[in-house]
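Shown next, in C-alpha cells, is the structure this report addresses.
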Amino acid sequence: MNIDAFPQLEIVPVNGPLKGRVVLPGSKSLTNRAFLVAALAKGDSRLSGVLSSDDTVYMAAALRDMGVGIDSEDETTLTVRSSGKLKAPAKPLFLGNAGTATRFLTAAVALADGEVVVDGDEHMRKRPIGPLVEALTRLGVEVSAPTGCPPVTVRARGGFSGDVVEIDANLSSQYVSALLILAACGEKPVEVRLRGDQAIGGRGYIDLTTRCMEAFGAKVSMPQPGVWRVEPTGYAAADYLVEPDASSCTYLWAAEVLTAGEITFQMDTTALTQPDAKSRDVIMTWPNMPAVIDGSQMQDAVPTLAVLAAFNNTPVRFVGIANLRVKECDRVSALSQGLNAIREGLAHEEGDDLIVHADPGLIGATTKAVIDTHNDHRIAMCFALAGLMMSGVVIDNPKCVSKTFPGYWDVLESLGVGLKLPVL
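Going by our numbering, 74 is the number at position 88 of the sequence shown; the sequence numbering is gapless.
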C-alpha cells in the first residue's frame, strides 16, 4: 500500500486470530551504532541485517558527507569503507528527528578537522542535548548549542584531550553511549562516569553500545557501578550482524495476544538482546497485566503496553517513564490524549506517571477517535492495535512509521488486517 497517498488510515477490526510469518526489520539502535563504529574503523566492514528507514538513512548520509563509503549489496547488507577518519563536511549535517544519530554524531565529529554543524528538523530542535555538550566541553572539545538543543556547532581538532568525564544522563542514555563510542578513539584511557548516584533509564542501550564497540575491537570495562573505562584501542573493521528490532516486535506480540493469533518470525524472538525484548513477558500477561509497570528499562515498548492496557481487566499505572516526555514527542501526553480520544477518561497523567483505566468492554465497541500521532512513529503503530479490537480508530499521518518500520502497514495487511481511507 502506498501510505504516502493516505493522510489518514482507518484500521478495520479483525474478526479472528492474526496468523502468518513476518520478517522483522533490523534494529534501528544497532544499525546506527554499527554504522558509526564501522565508520571509525579503518578498512571494510560488512554489515548484514541492517534497517533501512528514515533514521538510518540520515546517519548513512551524514557519514558519506564526512568521507565514508557505504555500498549496498542488497536491502539489508552493505559495506562500510573507511580510512578510520571523519572529514569535516561541506555543509551542516541534517539528521531529521533521529535522536540516536544526532547525539552520537555530536560526539563523534570531534574527531574530524574543522567546523561541523549537527542539526535536525523542528522536532529535533526541541530535544535536549545540553548535558552532552557540557560533557564534551570538559573533554576539551570546542562545542556550542546556544538553545540547549540542536543545532550544535563543533569546532573539531581531530580529537579530544580529557580522560575523565562526568555526565548527567537523566534525560537520555544516548549521552553515555555517544561518549563511550568517542572514548575508544582517544590517546589514553577514558573514564565515563554517571553524575552522582544516578539510576539511568534505558541502561540496556548502553550495554548494546559496549557490545557493538567490542565487536569492532574496543575494550570497555566497568570498574564500579556507573563508571565505564574505555581503552584507547580505536576500532578495527569487522563483519557485524544486526539483530531484528525488538521495539518493532512489540506491536506484533501485542497483536498476537489481543487476537489469540499465531505470528512467527525469522528468528526466535526470545533470544533478542535489546531492552524492549523484556516487554514480551509483560505482554503475555494480558488481559491480567500488572497493576504497576516500570517502563524505565523498556521505554520504547511503553506505548505498546499502554494501548494493550486499555483492554486489560484492571487499571495499570506506568512509572519510570519521565524520559518519554523528550522522545520524538511528549509520549506520555500523546498516549493520554490518544486513549482519551478512544474513550473519555480512559487515561490520565499523574506527574510523570500514566494511569490507564482499563476497560475490557471496549472490545467490539465503536469509537470516533482520530489519533494525533504528533509525527511519532511509535504513537502511530501502537494505536493501530486499538483498531484491531474496535471500530472507528483512525491514524493521522500514518507515513510517520517510516522512521523505523517502513513496512509496518504492509505487515499488518499480510496478516489479514484491513486498512481503508476513513470517511470523516
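Glycine included, every Cβ here is placed at the ideal spot set by N, Cα and C. Small disclaimer: the values here were computed from a predicted structure and weren't measured.
With contacts defined by Cβ atoms closer than 9 Å, residue 94 and residue 167 form a contacting pair. Annotation for residue 101: 74, 139, 140, 141, 142 place their beta carbon closer than 8 Å to its own, counting only its chain and skipping 5 residues before and after. The beta carbon of residue 270 sits closer than 7 Å to the beta carbons of 243 from its chain, once the five residues preceding and following it are set aside; these are given in chain order. Here DSSP, grouped into helix, strand and coil, assigns residue 330 to coil. Distances from the CA of residue 186 to each of 171, 158, 206 were compared; the closest alpha carbon is that of 158. Here residue 80 is bridged, per DSSP, to 105. Non-local C-beta neighbours of residue 397 in its own chain, meaning closer than 7 Å and more than five positions away in sequence, comprise 8, ordered along the chain.
Counting of Cβ neighbours within 10 angstroms places residue 407 among the exposed residues, the total staying below 16.
Remark: fewer than three beta-carbon pairs, one from each stretch, lie closer than 8 Å, so the region 213 to 228 and the region 242 to 262 are not flagged as touching. Annotated three-state conformation of residue 230 is strand, per DSSP. Here residue 149 has 174, 176 as same chain residues with Cβ atoms under 6 Å from its own Cβ, once five neighbours each way along the sequence are excluded.
The C-beta distance from residue 11 to residue 230 rounds to 7 Å, short enough to meet the 8 Å contact threshold. Counting of Cβ neighbours within 10 angstroms places residue 363 among the buried residues, the total reaching 16 or more. Each residue's CA atom was taken as its position, placing residue 106 and residue 347 some 43 Å apart. In the DSSP assignment, residue 42 falls within the unbroken alpha helix (DSSP H) covering 40 to 51. Beta-carbon to beta-carbon, residue 152 and residue 181 are separated by about 5 Å, close enough to satisfy the 8 Å threshold. Within the region 146 to 187, the alpha helix (DSSP H) runs of at least 4 residues that lie entirely inside it are, in chain order, 160 to 169.
In the pairwise beta carbon analysis, the region 25 to 41 is classified as touching the region 56 to 76: at least three pairs are separated by under 8 Å. Here DSSP, grouped into helix, strand and coil, assigns residue 13 to coil. According to DSSP, residue 69 shares a beta bridge with 28. By the C-beta density criterion, residue 314 is buried, having at least 16 other C-beta atoms within 10 angstroms. In the same chain as residue 325, and ignoring 5 residues on each side of it, the C-beta atoms closer than 8 Å to its own belong to 292, 293, 296, 332, 333, 342, in chain order. For residue 395, the enclosing alpha helix (DSSP H) has its first and last residue at 394 to 400. Just measuring C-alpha positions, the residue of 84, 116, 172, 111 sitting nearest residue 96 is 172. Excluding residues up to 5 positions away in sequence, 110, 111, 112, 113, 114, 115, 116 lie with their Cβ nearer than 8 Å to the Cβ of residue 135 in the same chain. For residue 328, the closest alpha carbon among the candidates 307, 339, 340, 351 is that of 351. Between residue 300 and residue 276, the alpha-carbon positions lie close to 9 Å from each other.
Ranked by Cα distance from residue 71, the first of 272, 51, 6 is 51.
Residue 273 and residue 353 have their C-alpha atoms some 21 Å from each other. For residue 405, no alpha helix (DSSP H) run applies; the uninterrupted beta strand (DSSP E) run containing it begins and ends at 404 to 406, by DSSP. For residue 405 against residue 4, the beta-carbon gap comes to about 14 Å, at or over 8 Å, which does not count as contact. Assignment of residue 364 by DSSP, reduced to helix, strand and coil, places it in the helix class.
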